[in-house]
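Engineer: Starting off with a structure, shown below.
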Amino acid sequence: MDVEALRTFVAVAEAGQFQAAAEDLWVSQQAVSKRIAGLERHLGVTLLVRTSRGSRPTLDGQVFLPHAKSVLRAVDQAEQAVSPGSRPLRIDVLNRRIAPAQAVYRFYRSHPEMNLDAITLSEDTADQAVQAVLDGKVDATFRAPPSSGFPPGIGSERLLDVPLELLVGPAHPMANESWARPADLVGHRIWIPGIRPASEWEEFYRALSEAFGLSIDALGPHFGDEALMDALADSASLATLVGSGDRYLWPESHDLRRIPVHAPTPVYPHALVFRSGDRHPLLAALRDHLRTTQPRIVDDTWTPDRAAPGIRNTCP
């Protein structure tokens, strides 16, 4: 059934004249007549009768009118539900502890009136997350930019470079250092449990290991972040790497130390990935926020060769 024909019938029934309805709808009177005639053919009944005073609904038209209004209300509500800004902006933040989630949270804190939904697709691969964006399951995701680029229909902008820090217990040989070079980490075991094979994280840490000769492994089961903090606190040799914007908590008695890594500073490059042409106003606001709030790294930085060198925007 033609929705515009329904809208035209209701307009004529309420205005009482074809010409008045045409003016309300910003169409010609001829267009109004054609729409009504088409609707009557579709239903097989006469909906309106013309009189010397204008037009009025027939008995069938009177029965049909409240249903037509109900359909139009439903159509209007459906359109409003998906209009840009009417529904929450759905963002995949990977993991609620790491820098992308914290950046989105700061964005929300600065704009608490905005309708935003942060979710995690942490078990999905980068390709699966990008497909979720293409399928409309989420509006955006944070992923490392692949050297081959993203598929058609996807826009991206590298907006969050996260410097790495060494996290160690108080007995570790480097516990009292104010900062460390990647070269200083050679010979120390760096344990990052939970890295899935062939994931973007595995590719990043493999590239980091090869670039600086580091010993990074994910051996053994991952019992969660709390268990990792416990292991670091009890060890004189174990270390891990975390992002400077990652939020981890541990008991004060653990006395863990976060040591910045410089000369160069390894950074994990997060790109905000979204559908090309997505007009959700919060997406534009989030991108502006990330552009203006990303901390400036003054040290030389290292990223894998596959990472895009800077901002990459495939949207118009």
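Going by the working numbering, the sequence shown wraps up at 391, each residue one higher than the last. We put the CB at the ideal spot given by N, CA and C, even for glycine.
#1: For a quick check, are the C-beta atoms of R350 and G211 less than 9 Å apart?
#2: So, under 8 Å CB-CB, A258 and F287 are touching, yes? Tell me the CB distance rounded to an integer number of Å.
#3: For S130, which of helix, strand or coil comes out of DSSP?
#4: Suppose only complete runs of 3+ residues qualify. What are the beta strand (DSSP E) ranges in the segment 340–374, listed by chain order?
#5: Can you look up D77 in the DSSP assignment and give me helix, strand or coil?
#6: Hey, R362 and L347: beta-carbon distance below 9 Å or not?
#7: Mind pulling the alpha helix (DSSP H) runs of 4 or more residues that sit fully within the segment 147–219?
#8: Can you grab the Cα-Cα spacing for the pair L241 / F182, in whole Å?
#9: If we ignore side chains and look at the alpha-carbon of each, how far apart do A359 and H263 end up?
#10: Does the segment 205–220 come into contact with the segment 333–342, if we say contact requires no fewer than three beta-carbon pairs (one atom in each stretch) closer than 8 Å?
#11: Taking the alpha-carbon positions, what's the W276 to I291 distance?
#12: Should F84 be labelled buried (16 or more other beta-carbon atoms within 10 Å of its own) or exposed?
#13: Closest to P302 by C-alpha separation, out of P238, L324 and A149, would be which residue?
#14: What residues are listed by DSSP as bridge partners for G392?
#15: Out of S197, G228, L235 and Q206, state which residue places its alpha-carbon closest to the alpha-carbon of S274.
Structural biologist: Looking at the atomic coordinates:
#1: yes
#2: 7 Å
#3: strand
#4: 340–350
#5: coil
#6: yes
#7: 174–185 and 201–209
#8: A straight-line Cα-Cα distance of about 27 Å links L241 and F182.
#9: The alpha-carbon separation between A359 and H263 amounts to approximately 43 Å.
#10: no
#11: 12 Å
#12: Under this definition F84 is a buried residue.
#13: According to the sequence shown, residue 302 is Ala rather than Pro. Of the listed residues, the one whose Cα sits closest to A302 is L324.
#14: Outside the shown range of the chain, which is 76 to 391, sits residue 392, and nothing can be said about it.
#15: Comparing Cα-Cα distances from S274 to each of S197, G228, L235 and Q206, the minimum goes to S197.
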